[in-house]
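In our numbering, the protein residues as written are -10 to 225.
Built from N, CA and C at the ideal position, the CB exists for glycine as well.
As the structure is a computational prediction, the values presented were derived from the model and not from experiment.
Notes follow once the structure below has been shown.
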Amino acid sequence: MVNAKAKKLINNIGIFAIGNLGSKLISFILIPIFTRYMGTAQFGQVDLITTTINMLLPVVALSVADAVFRFVMDKNSDQVAVFTNGLSFTVLMIIIANLVYPVLVILNVNYAKYILIYLCVGLIQSLMQNFVRGIGYVKLFALNGLISSFVLAGVGLVRIVLQHGGVDGYLDALILSNGASIVFLGVFSKIWKFYALSALNRTFLITMLRYSIPLIPNAFLWFFTNDASRFLSLAS
């Protein structure tokens, strides 16, 4: 039993390592290429937008994706209830977030439409990724990272290098890579099997949020530790 668990653990670590290293390698190759065709100023704009989105992700959906990962890993968890309540709440918060769009337009915020679309797909992708990982689809989780990176590379090379799309092109690549990740995870995990309106439960959702909301300050602390200085320099 112990040997079997150790073997499974080592196998999972290896799968995660391959997926993670593959994604990192693709990004490592792409960044110099994209920077060359976009220029430092445009690449800085993209960096500012992505950093902002990463900061907003845990706030907009109250870190419910983390609660999905935590609760679905319980041996006696109801996987359908966890995913249904997590996804439904995320969609609700996405709808509310989109109500801000007219305000962003009035304030003349650059790339407002891109920011909201990227935020929406990022929230769904994060939740699905956490759920798939939590239910033990390790290979699917690792392969998803590679698929997403390849789509980012393909779309990025077309939009940035061939079409000279600049910031718009990079944002197109980021959005489509997240979209591809959602489709890939959804199809190969048969995610529809884990969603049922009958599983919606206000009490259970509140329990999930009681776990996830206290994680928001931790996410901000992580942001300020790693990205705050870069964010401030880009914003200035």
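{"Query": "Please determine whether the Cβ atom of G33 lies at a distance below 7 Å from any heavy atom of the ligand NAP.", "Result": "Among the components modelled here there is no ligand, and therefore nothing to report on the ligand NAP."}
{"Query": "Tell me whether A30 is buried or exposed, calling it buried when 16 or more other Cβ atoms sit within 10 Å of its Cβ.", "Result": "exposed"}
{"Query": "Sort F139, L108 and Y200 by Cα distance to T40 and report the nearest one.", "Result": "L108"}
{"Query": "Whole angstroms are fine: how far does the CA of V80 sit from the CA of N190?", "Result": "15 Å"}
{"Query": "Please work out which residues of its chain come closer than 7 Å, Cβ to Cβ, to V94, disregarding the five sequence neighbours upstream and downstream, and give them in chain order.", "Result": "A101"}
{"Query": "Does the contact criterion of 3 or more C-beta pairs under 8 Å hold for the segment 41 to 55 versus the segment 170 to 189?", "Result": "no"}
{"Query": "Does S52 come out as helix, strand or coil in the three-state DSSP assignment?", "Result": "coil"}
{"Query": "Could you tell me whether the segment 138 to 145 touches the segment 73 to 88, using the rule of 3 or more Cβ pairs below 8 Å?", "Result": "no"}
{"Query": "Quick one: Cα of V204 to Cα of S52, how far?", "Result": "A small correction: the amino acid at residue 204 is Leu; Val does not occupy that position in the sequence shown. One C-alpha to the other measures close to 7 Å."}
{"Query": "Once DSSP output is grouped into helix, strand and coil, what is the label at P203?", "Result": "coil"}
{"Query": "Relative to the C-alpha of L210, which residue among V48, G154 and S16 is closest?", "Result": "V48"}
{"Query": "Which two residues bound the contiguous alpha helix (DSSP H) that contains I95?", "Result": "Y90 to I95"}
{"Query": "From S187, I202 and R199, pick the residue whose C-alpha is nearest to that of A70; which is it?", "Result": "S187"}
{"Query": "May I ask which residues mark the beginning and end of the alpha helix (DSSP H) holding N65?", "Result": "Where N65 is concerned, there is no enclosing alpha helix (DSSP H), given that its DSSP letter is neither H nor E."}
{"Query": "With DSSP run on the structure shown, which of helix, strand or coil describes L77?", "Result": "Inspection of the sequence shows that residue 77 is occupied by Ser rather than by Leu. Correct three-state label for S77: helix."}
{"Query": "Let's test the definition: count the other Cβ atoms within 10 Å of the Cβ of S12 and tell me whether it reaches 16, buried, or not, exposed.", "Result": "buried"}
{"Query": "Just the C-alpha distance for G155 and Q68, rounded to the nearest angstrom, thanks.", "Result": "42 Å"}
{"Query": "Just the C-alpha distance for I171 and I124, rounded to the nearest angstrom, thanks.", "Result": "16 Å"}
{"Query": "Could you spell out where the alpha helix (DSSP H) holding N119 opens and where it closes?", "Result": "A101 to G123"}
{"Query": "From H153 to A86, what distance separates their C-alpha atoms?", "Result": "31 Å"}
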